[in-house]
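Those letters in the sequence shown? Residues 4 to 376, by this note's numbering.
Positions of the beta carbon are idealized from the N, C-alpha and C atoms, including for glycine.
This structure is a prediction, so every number in the text was calculated from the model and none was measured.
Working notes for the structure below.
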Amino acid sequence: RFQTLRRCYSRVKEHGVGKRKSSYTFEQLEQVFGQGGWDAQPCQPVLINSSGLYQELESDGSTMEEYSQEDWGNHSQELHCYPTGEQELDEMPTTKRTLKIKQESSEDSQKRDVMQNIVRILESVQLKWELFQSWTDFSRLHLSNKLAIFGIGYNTRWKEDIRYHYAEISSQVPLGKRLREYFNSEKPEGRVIMTRVQKMNWKNVYYKFLEITISEARCLELHMEIDWIPIAHSKPSGGNVVQYLLPGGIPKSPGLYAIGYEEAPAEGASEGDASARPPAEAAPRIVYCYLGIAEVRTLQQCLFLHFQANGKSLGKEWGGVNGFLSQNCLVEPGVSPRSVYIKFVEVERDFLSAGSLVECLEKAIGYPLKFNN
4 RFQTLRRCYS RVKEHGVGKR KSSYTFEQLE QVFGQGGWDA QPCQPVLINS SGLYQELESD
64 GSTMEEYSQE DWGNHSQELH CYPTGEQELD EMPTTKRTLK IKQESSEDSQ KRDVMQNIVR
124 ILESVQLKWE LFQSWTDFSR LHLSNKLAIF GIGYNTRWKE DIRYHYAEIS SQVPLGKRLR
184 EYFNSEKPEG RVIMTRVQKM NWKNVYYKFL EITISEARCL ELHMEIDWIP IAHSKPSGGN
244 VVQYLLPGGI PKSPGLYAIG YEEAPAEGAS EGDASARPPA EAAPRIVYCY LGIAEVRTLQ
304 QCLFLHFQAN GKSLGKEWGG VNGFLSQNCL VEPGVSPRSV YIKFVEVERD FLSAGSLVEC
364 LEKAIGYPLK FNN
């Protein structure tokens, strides 16, 4: 009996959650398994983890059917009367595991959405795929220090159509360095491609890219990585005019900024149609209407002139967006103005004049900016 208890005790050490040492004593194990009849047992003792008993046995010929359901329940209840100090540390609660899984799936979903946006940008400019054969043919990009949007594609022996494997905006690392990582079998990215080619999953590997300036890279960052900030407004005081209340923390530096508004629900949709739509579709969409370049003035000064200054003193360039913002402040009694949002990103002044920023953003969002000339 002592030998059998020792065997059970060693298995607790070996198979316990997190390979922890069990704090059960032989006396406690005896209370669970009984005082006698060890040698007469048709199978070895069940294994113990920090939750109680394992619900499966070693593959020694014995099966769960040899224990009644009542026995399993009794054993589990008896073990729980001996809580250990390590128990809370070793176990991850189900709620935390669920939250972790949801967080990972949410991150995967965000990455997938970003990649789909990048693919849409690449497709909108109608670039041709280039076949990758060797680094000799690749030499012109090997030392390229330019930033770019690029895609990696492949086809198979069964289907000649080229499909995307990956797409990225190389806004921090030069294009040449990033592509070397995807075509170098010693890098994790390149190892995936090499393995799929060697195993004949893929026939050929292709690439395409669109060079971008630093300011265009920041513009795409503004669109894809920066969250919208809602602009609060005061309550009408005496009349039917409200005032915008800009948030604090707007940088006193050059950069790019965007102004957007909440799209009104589709007119003519019945209440039944609205209730039938999923929440994601029913959520309001923020529409870009203006992209500003804070080059001569700072971001703070530009946004102040849009939201808190008299639009008549400004030039034609701002006339459209400032007219919209001013008109939005005129409200009927009991009616709130349309929700307005801003987002901004700092960019060094020397880089702001390079690139076609409005066209870049319009390609990324898929529609024209209403108030940009």
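Determine the DSSP secondary structure at Ile368, reduced to helix, strand or coil. For the purposes of this step, residue 368 is taken as residue 365 along the sequence shown, with counting starting at 1. Ile368 falls in the helix class under three-state DSSP.
Asn376 classed as buried or exposed, judged by whether at least 16 other C-beta atoms fall within 10 angstroms: In the sequence shown, counting from the first residue as 1, residue 376 sits at position 373. So Asn376 counts as exposed.
Between the Cα of Val200 and the Cα atoms of Leu302, Phe347, Tyr185, which residue gives the shortest distance? Within the sequence shown, the letter at position 197 stands for residue 200. With distances taken between Cα atoms, Val200 lies closest to Tyr185.
7 Å Cβ shell around Ala151 - same chain, five flanking residues per side excluded: Start at 1 with the first residue of the sequence shown, and residue 151 comes out as number 148. Around Ala151: Ser173, Leu178, Phe212, Leu213, Glu214, Ile215.
Just the C-alpha distance for Glu163 and Glu265, rounded to the nearest angstrom, thanks. For the purposes of this step, residue 163 is identified with residue 160 of the sequence shown, where counting begins at 1. For the purposes of this step, residue 265 is identified with residue 262 of the sequence shown, where counting begins at 1. Taking the Cα positions, Glu163 is about 43 Å away from Glu265.
CB contact flag (Ile262, Ile155, <7 Å): By 1-based counting over the sequence shown, the position of residue 262 is 259. By 1-based counting over the sequence shown, the position of residue 155 is 152. Not closer than 7 Å, so no.
What three-state label does DSSP hand Cys332 in the structure shown? For this step, residue 332 is matched to residue 329 along the sequence shown. In the structure shown, Cys332 sits in coil (DSSP, three-state: anything other than H, G, I, E or B).
Going straight from the alpha carbon of Lys149 to that of Lys180, what length do you get? In the sequence shown, counting from the first residue as 1, residue 149 sits at position 146. In the sequence shown, counting from the first residue as 1, residue 180 sits at position 177. Lys180 has its alpha-carbon roughly 10 Å from the corresponding atom of Lys149.
Closer than 6 Å by C-beta to Val122: which residues in its own chain qualify, once you throw out the five before and the five after it? Chain order, please. One-based indexing of the sequence shown puts residue 122 at position 119. Result list for Val122: Tyr167, Ala170, in chain order.
Does DSSP put Lys346 in a helix, in a strand, or in coil? For the purposes of this step, residue 346 is taken as residue 343 along the sequence shown, with counting starting at 1. Of the three classes helix, strand and coil, the one that applies to Lys346 here is strand, per DSSP.
Note down the Cα distance separating Ile296 from Arg194, rounded to an integer number of angstroms. Start at 1 with the first residue of the sequence shown, and residue 296 comes out as number 293. Start at 1 with the first residue of the sequence shown, and residue 194 comes out as number 191. C-alpha separation (whole angstroms): 42 Å.
Quick one: what does DSSP say Val244 is sitting in, helix, strand or coil? By one-based count along the sequence shown, residue 244 stands at place 241. The DSSP-derived three-state label of Val244 is strand.
Excluding sequence positions up to five away, which residues of its chain have a Cβ less than 6 Å from the Cβ of Leu331? Taking the first residue of the sequence shown as 1, we reach residue 331 at position 328. Residue 331 is actually Asn in this sequence, not Leu. The residues are Pro340, Arg341.
Using only CA atoms, which one of Pro336, Leu302, Gly358, Arg300 lies nearest to Val245? Counting from one through the sequence shown, the residue named residue 245 turns up at place 242. Selected option, being the one with the closest Cα: Pro336.
In the DSSP assignment, find the unbroken alpha helix (DSSP H) run with Ala261 in it and report its ends. Counted from its first residue, the sequence shown places residue 261 at position 258. Annotation: Ala261 is outside any alpha helix (DSSP H); the continuous beta strand (DSSP E) that includes it extends over 258 to 265.
How is the alpha helix (DSSP H) around Ile217 delimited, first residue to last? Stepping through the sequence shown from its first residue, residue 217 is reached at position 214. It spans 217 to 228 - the alpha helix (DSSP H) in which Ile217 sits, taken as one unbroken run.
Could you compute how far the alpha carbon of Val350 sits from the alpha carbon of Ser218? Counting from 1 along the sequence shown, the entry for residue 350 is found at position 347. Counting from 1 along the sequence shown, the entry for residue 218 is found at position 215. For Val350 and Ser218, the distance between alpha carbons rounds to 7 Å.
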